[in-house]
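Here is the structure we will look at.
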Amino acid sequence: MKSWKQALINSLLIGKMAGVTTAVAAAVCGQVENGSAIAPINAISHIVHGDKAAQNHELSLKYTMTGLALNSAANSIWAALYEIGFGEAAEQGNVPVSLLGGAIISSVAYITDYHLVPPRFTPGFEKHLSSRSLFIIYAVLALSLVIGGLLRRKK
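In structure tokens form, the structure reads like this:
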């Protein structure tokens, strides 16, 4: 098992990658489902700006950039937990354990986001996206964690 310090260092890049990939997944799902790629991203900023953030469907420094920053920060936390529990397996090229780890951490993220935290602290995706799209976003998170870990594989 890795130290928290090493996990934090490794998780910064993986967290940023997961932030980008989950934001892209949310945007694509938003465009397909509701004709707005930006609305699900803006909705994340309801954590800071309240419910009016989720009503904004336009690209905005206030809502879009805040949403992207919050998404990136949250994904960095999930990446750190993945690194603590499964980072060494990924670095050793243990794909089955890495995939299991991605699935576990992504499931914990979903349960935390939608069943443990108060509504004000949910990601906000649910304000614009279906359950199917939420599944896609959390699957993308899982795969991003795994791929990020495997890319650092020791040869």
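Under numbering that gives the first Met the number 0, the sequence shown has 154 at position 155, and the numbering climbs by one with no breaks.
C-beta: ideal position from N, C-alpha, C; glycine also.
On a predicted model such as this, the values are computed, not experimentally measured, just so you know.
(message) Does GLU57 pass the burial test, meaning 16 or more other C-beta atoms within 10 Å, or should it be called exposed?
(response) In the sequence shown, the residue the question calls residue 57 occupies position 58. Label assigned to GLU57: exposed.
(message) I need the DSSP call for ALA73, collapsed to helix, strand or coil.
(response) Here residue 73 is taken as the residue at index 74 of the sequence shown, counted from 1. Helix, per DSSP.
(message) Tell me the residue span of the alpha helix (DSSP H) that contains GLY134.
(response) As a first step, residue 134 is located in the sequence shown; it is residue number 135 there, counting from the start. The identity of residue 134 in the sequence shown is Phe, whereas the question assumes Gly. Taken as a continuous stretch (DSSP letters only), the alpha helix (DSSP H) holding PHE134 covers 130-150.
(message) Considering Cα atoms alone, identify which of PHE85, GLY84 and GLY14 is closest to ALA68.
(response) Your numbering for residue 68 matches position 69 in the sequence shown. Of PHE85, GLY84 and GLY14, the residue nearest in Cα terms is GLY14.
(request) Just the C-alpha distance for GLY66 and LEU133, rounded to the nearest angstrom, thanks. (result) Position 67 of the sequence shown, counting from 1, holds the residue named residue 66. Position 134 of the sequence shown, counting from 1, holds the residue named residue 133. If I take the Cα positions, the gap works out to 16 Å.
(message) Looking at the secondary structure, which residues open and close the alpha helix (DSSP H) in which PRO39 lies?
(response) Here residue 39 refers to the residue found at position 40 when the sequence shown is read from its first residue. Segment 38-43, the alpha helix (DSSP H) holding PRO39.
(request) Flag this pair as touching only if the segment 84-101 and the segment 21-32 have three or more C-beta atom pairs under 8 Å; answer yes or no. (result) Output reads no: the segment 21-32 does not touch the segment 84-101.
(request) Return the first residue and the last residue of the alpha helix (DSSP H) that GLN91 is part of. (result) On the sequence shown, residue 91 is found 92 positions in, with the first residue counted as 1. Element bounds for GLN91: n/a, residue is neither H nor E.
(request) Using 10 angstroms around the beta-carbon of PRO117, count the other beta-carbons present and answer buried if the total reaches 16, otherwise exposed. (result) Here residue 117 corresponds to residue number 118 of the sequence shown, with the count starting at 1. Exposed: under 16 other Cβ atoms inside 10 Å.
(request) Taking ALA102 as the reference, give the member of PHE85, SER71, GLY18 and ARG151 with the closest Cα. (result) Counting from one through the sequence shown, the residue named residue 102 turns up at place 103. Out of PHE85, SER71, GLY18 and ARG151, PHE85 has the C-alpha closest to the C-alpha of ALA102.
(request) Might you give, ordered along the chain, the residues of its own chain that have their beta carbon closer than 6 Å to the beta carbon of PRO39, omitting 5 neighbours on each side? (result) Here residue 39 corresponds to residue number 40 of the sequence shown, with the count starting at 1. For PRO39, where only same-chain residues beyond five positions count, the Cβ hits under 6 Å are ALA25, GLY29, PHE124, HIS127 and LEU128.
(message) Quick check on DSSP: helix, strand or coil for PRO155?
(response) Given a span of 0 to 154 for the chain in the structure shown, any question on residue 155 remains unanswerable.
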